[in-house]
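Residue numbering for the sequence shown follows full-length UniProt numbering, beginning at 1 and increasing consecutively. Think of the CB as a built atom: it goes at the ideal place given N, C-alpha and C, for glycine as much as any other residue.
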Amino acid sequence: MNNNIFYFFYNLAHKSVFLDKVIIFIAEPLAYFVIVSAIIFVLFHHDIFTPKQGFGGFGVFKKAFLNFKQKWREIVLVFFSSISAWVLAYVLKILFHTSRPFLVLPDVTPLWIESGYAFPSGHATFFMALAVAIYLSHKKAGYVFITFAFLIGLARITAGVHFPIDIFGGFVLGSGVAYLVNYFYFPHVRHVEKV
Numbered sequence: 001m002n003n004n005i006f007y008f009f010y011n012l013a014h015k016s017v018f019l020d021k022v023i024i025f026i027a028e029p030l031a032y033f034v035i036v037s038a039i040i041f042v043l044f045h046h047d048i049f050t051p052k053q054g055f056g057g058f059g060v061f062k063k064a065f066l067n068f069k070q071k072w073r074e075i076v077l078v079f080f081s082s083i084s085a086w087v088l089a090y091v092l093k094i095l096f097h098t099s100r101p102f103l104v105l106p107d108v109t110p111l112w113i114e115s116g117y118a119f120p121s122g123h124a125t126f127f128m129a130l131a132v133a134i135y136l137s138h139k140k141a142g143y144v145f146i147t148f149a150f151l152i153g154l155a156r157i158t159a160g161v162h163f164p165i166d167i168f169g170g171f172v173l174g175s176g177v178a179y180l181v182n183y184f185y186f187p188h189v190r191h192v193e194k195v
C-alpha cells in the first residue's frame with residue numbers, strides 16, 4: 001500500500017518542466033516562506049511591535065517589551081516544539097536506517113537527490129509541529145499552516161525523495177511533540193482562539 005500511494009503521487013512528476021518546478025518549489029523554497037510567515041505571525045499577531053495610543057518615543061519600546069514578555073511562552077511553544085520535533089526526527093532517522101524511494105525502486109528518478117535516511121521525514125515533522133503549535137493558540141491560522149505542512153509533505157513524495165510512510169510518520173511525530181510540549185510545559189496556552 002505504501003508503494004501504491006507513493007506511485008500515485010510520484011507519477012505526477014516528470015510530466016512537464018513547469019510542473020516539476022512547482023513541485024520543487026513547494027517541497028523546498030516554500031518551506032522558508034512558511035518559517036518566515038510563522039515568525040511574522042507569532043510576533044506581530046500580538047502587537048509586540050505595534051504601539052498603542054498613549055505610547056510615544058521610548059514608550060513604544062517599553063510597550064513592545066511588555067507585550068513580548070506576556071507572549072514569550074507562546075513563541076517558545078511554537079519554536080521549541082518544531083525544533084525539538086526536528087531533532088527527534090533526526091535521531092529516529094539514525095535508529096531506523098530507512099532508504100529513500102530512489103534507492104530501493106529502480107524506476108524512480110527523483111527531482112533532486114536527497115541524502116540521509118528517510119523515516120521519519122524531517123520536513124514533515126518540523127512543519128507539522130510548527131503548524132499544530134500555532135493551531136493550539138490560533139485555530140484559523142493553524143489551519144493555514146497545517147495546509148502548508150500537507151503541501152510540503154505531498155510534494156516531497158511526488159518528487160521521489162520520500163515514501164508516504166515517511167511523511168505520515170513525520171506528521172504524527174510533529175503533532176505529538178507539539179501536543180506534549182503544550183501539555184507538560186505550557187498548560188496555560190491550552191486554549192484555542194476562535195479568531
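- Shown here, H138 sits in a strand according to DSSP, grouped into three states.
- Inter-residue distance for A141 and I26 is about 19 Å (C-alpha atoms, whole angstroms).
- L154 and V42 have their C-alpha atoms spaced approximately 25 Å apart.
- Taking all protein chains in view, the Cβ of V161 is crowded by 16 or more other Cβ atoms within 10 Å, so the residue is classified as buried.
- Looking from the CA of G174, the closest CA among S81, L95, M1 and F119 belongs to S81.
- The C-alpha of A159 is placed about 23 Å away from the C-alpha of V87.
- By the C-beta criterion, the segment 115-134 is judged to be in contact with the segment 87-101, since at least 3 inter-stretch pairs fall below 8 Å.
- With a cutoff of 8 Å on beta-carbon distance, L77 and A124 are scored as not near each other.
- For S99, the three-state secondary structure derived from DSSP is coil.
- Per DSSP, D107 lies in no alpha helix (DSSP H) segment and is marked neither H nor E.
- Our two residues, V91 and P120, have alpha carbons roughly 10 Å apart in a direct line.
- Taken through DSSP and simplified to helix, strand or coil, V42 comes out as helix.
- Between A31 and L111, the C-beta gap is not smaller than 8 Å, which leaves the two residues out of contact.
- Closest option to D166, judged by alpha-carbon separation, among Y183, F96, F145 and I146: F96.
- Just measuring C-alpha positions, the residue of V172, S137 and V36 sitting nearest A89 is V172.
- DSSP places S175 in the uninterrupted alpha helix (DSSP H) bounded by P164 to Y185.
- In this model, V177 and V17 are separated by some 37 Å (Cα to Cα).
- With fewer than 16 other Cβ atoms inside 10 Å of its own Cβ, P29 counts as exposed.
- For S115, the three-state secondary structure derived from DSSP is coil.
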